[in-house]
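Worksheet: one structure, shown below.
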Amino acid sequence: MHNIRIIARLDIKGDKVVKGINLEGIRKIGNPKEIALNYYTQGIDEIIYMDVVASLYERNTITKFIKDAASKIFVPLTVGGGIRSLNDIRNVLNNGADKVAINTAAIKNPNFIKEASNAIGSQSIVVSIEAKKHTNYWEAYYDNGREKSGLDVINWAQKAQELGAGELLITSVDKEGLEKGMDIDLLVAIRDKIKIPIIFSGGVGNIEHVNETAPYADAIAVASLFHYNKEKINEFKKKLIKKGIEVRI
Numbered sequence: 476m477h478n479i480r481i482i483a484r485l486d487i488k489g490d491k492v493v494k495g496i497n498l499e500g501i502r503k504i505g506n507p508k509e510i511a512l513n514y515y516t517q518g519i520d521e522i523i524y525m526d527v528v529a530s531l532y533e534r535n536t537i538t539k540f541i542k543d544a545a546s547k548i549f550v551p552l553t554v555g556g557g558i559r560s561l562n563d564i565r566n567v568l569n570n571g572a573d574k575v576a577i578n579t580a581a582i583k584n585p586n587f588i589k590e591a592s593n594a595i596g597s598q599s600i601v602v603s604i605e606a607k608k609h610t611n612y613w614e615a616y617y618d619n620g621r622e623k624s625g626l627d628v629i630n631w632a633q634k635a636q637e638l639g640a641g642e643l644l645i646t647s648v649d650k651e652g653l654e655k656g657m658d659i660d661l662l663v664a665i666r667d668k669i670k671i672p673i674i675f676s677g678g679v680g681n682i683e684h685v686n687e688t689a690p691y692a693d694a695i696a697v698a699s700l701f702h703y704n705k706e707k708i709n710e711f712k713k714k715l716i717k718k719g720i721e722v723r724i
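To convert, note that position 185 of the sequence shown is 660 in the working numbering; the numbers rise steadily by one, no gaps.
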């Protein structure tokens, strides 16, 4: 089995890390600097910072956290929320991020993916897809799960790959925050069509949930399980290794 990256996802609103259920009902968790540093010392592989209101208010306020984090945290940092232009991308990367995650801007202008990939390099471009299940398909949403795009998730994932995305961040909105398991059907359906790395997010509540998704995902993004101290990252990784899942210690 391939190596699985364990990623901490920090949803940011204002100056706080927050956590919701189905991307709604936000609850304050704590200080982004302290939480990120804590996860780094525990052995996290990567950190995703997602500004959950940036696209709604057409702003990007997360840069101030990144510069400080990059001076203390030496794992890859991905920043999402409010990334609307090449200048936004360069600003975030120049302040210490390794990758950017784009969703709203990509849906509104798919060629932005190609422009960003050509100008910056596909290794730094993550296309974020927020998926909600309907009767016989998944629809892509944007603005942190608030707005319908009308796009079929599988088709949109394929197009993002064709346009030059280096990685996909797939969030199951239906499962997000519930800690009751991930949407395996969604992941398998996307994996069947996608060759680039997939970060899967939404629903991790225990080791078994990661065990189920590991054959199909390249990375698992975790929030509640770590935010509420239900698992320490190094111990969590050791449990995964005992299950036969390859992770970095």
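Glycine is no exception: its CB is placed at the ideal position from the N, C-alpha and C atoms. Every value quoted in this text rests on a predicted model; they were computed, and no experiment measured them.
Using DSSP bridges, identify the partner residues of residue i.
| i | result |
| --- | --- |
| Thr-646 | Glu-605 and Ser-676 |
| Val-554 | Tyr-524 and Val-575 |
| Lys-503 | Val-493 |
| Glu-622 | Tyr-617 |
| Ala-640 | Partner(s): none; Ala-640 has no beta bridge. |
| Asp-627 | Glu-614 |
| Ile-548 | Partner(s): none; Ile-548 has no beta bridge. |
| Ile-600 | Val-575 |
| Ile-695 | Ile-481 and Phe-675 |
Start and end of the alpha helix (DSSP H) containing residue i?
| i | result |
| --- | --- |
| Gln-699 | Sequence inspection shows Ser at residue 699; the Gln mentioned does not correspond to that position. Segment 699-702, the alpha helix (DSSP H) holding Ser-699. |
| Ala-576 | Counting along the chain, Ala-576 falls outside any alpha helix (DSSP H), though it belongs to the beta strand (DSSP E) covering 574-577. |
| Ser-592 | 586-595 |
| Val-685 | 682-688 |
| Arg-565 | 561-569 |
| Leu-715 | 708-717 |
| Thr-538 | 538-545 |
Counting along the chain, where does the beta strand (DSSP E) carrying residue i start and finish?
| i | result |
| --- | --- |
| Ile-665 | Unbroken run through Ile-665 is the alpha helix (DSSP H), 659-666; no beta strand (DSSP E). |
| Glu-614 | 613-617 |
| Ile-487 | 480-488 |
| Lys-491 | 491-496 |
Measuring straight from C-alpha to C-alpha, what distance separates residue i and residue j?
| i | j | result |
| --- | --- | --- |
| Leu-653 | Ile-665 | 22 Å |
| Ile-487 | Ile-504 | 10 Å |
| Asp-526 | Gly-625 | 23 Å |
| Ile-645 | Glu-605 | 6 Å |
| Ile-682 | Leu-715 | 7 Å |
| Lys-539 | Ile-558 | 15 Å |
| Ile-501 | Tyr-612 | 27 Å |
| Arg-480 | Ser-676 | 12 Å |
| Asp-563 | Gly-555 | 10 Å |
| Phe-549 | Thr-610 | 43 Å |
| Lys-707 | Lys-583 | 39 Å |
| Ile-674 | Leu-643 | 6 Å |
| Gly-680 | Asn-586 | 36 Å |
| Lys-670 | Asp-658 | 19 Å |
Residue i and residue j look like a contact to me (Cβ under 8 Å); what is the Cβ gap, rounded to whole Å?
| i | j | result |
| --- | --- | --- |
| Leu-485 | Glu-651 | Leu-485 to Glu-651, Cβ: 14 Å. No contact. |
| Thr-553 | Val-575 | 7 Å |
| Ile-629 | Val-602 | The pair is not a contact, with the Cβ atoms about 13 Å apart (cut-off 8 Å). |
| Ile-600 | Ala-640 | 6 Å |
| Ser-647 | Gly-678 | 6 Å |
| Ala-591 | Leu-561 | 6 Å |
| Lys-623 | Asp-649 | Going by Cβ atoms, the distance from Lys-623 to Asp-649 rounds to 14 Å, so no, they are not a contact pair. |
| Ala-696 | Ile-523 | 6 Å |
| Thr-579 | Asp-618 | 6 Å |
For residue i, verify whether its CB is less than 7 Å away from any heavy atom of the ligand MG.
| i | result |
| --- | --- |
| Ala-635 | This structure lacks the ligand MG, and indeed carries no ligand of any kind. |
*Decide if the segment 634-647 is in contact with the segment 560-572; the criterion is three or more beta carbon pairs, one per stretch, under 8 Å apart.*
no
_the segment 656-664 touching the segment 683-694, judged by at least three CB pairs closer than 8 Å_ = yes
_contact_flag[the segment 700-716, the segment 511-524] where n(CB pairs < 8 Å) is 3 or more_ = yes
_the segment 715-723 touching the segment 678-688, judged by at least three CB pairs closer than 8 Å_ = yes
*Do the segment 538-546 and the segment 506-515 make contact, defined as three or more Cβ pairs closer than 8 Å?*
yes
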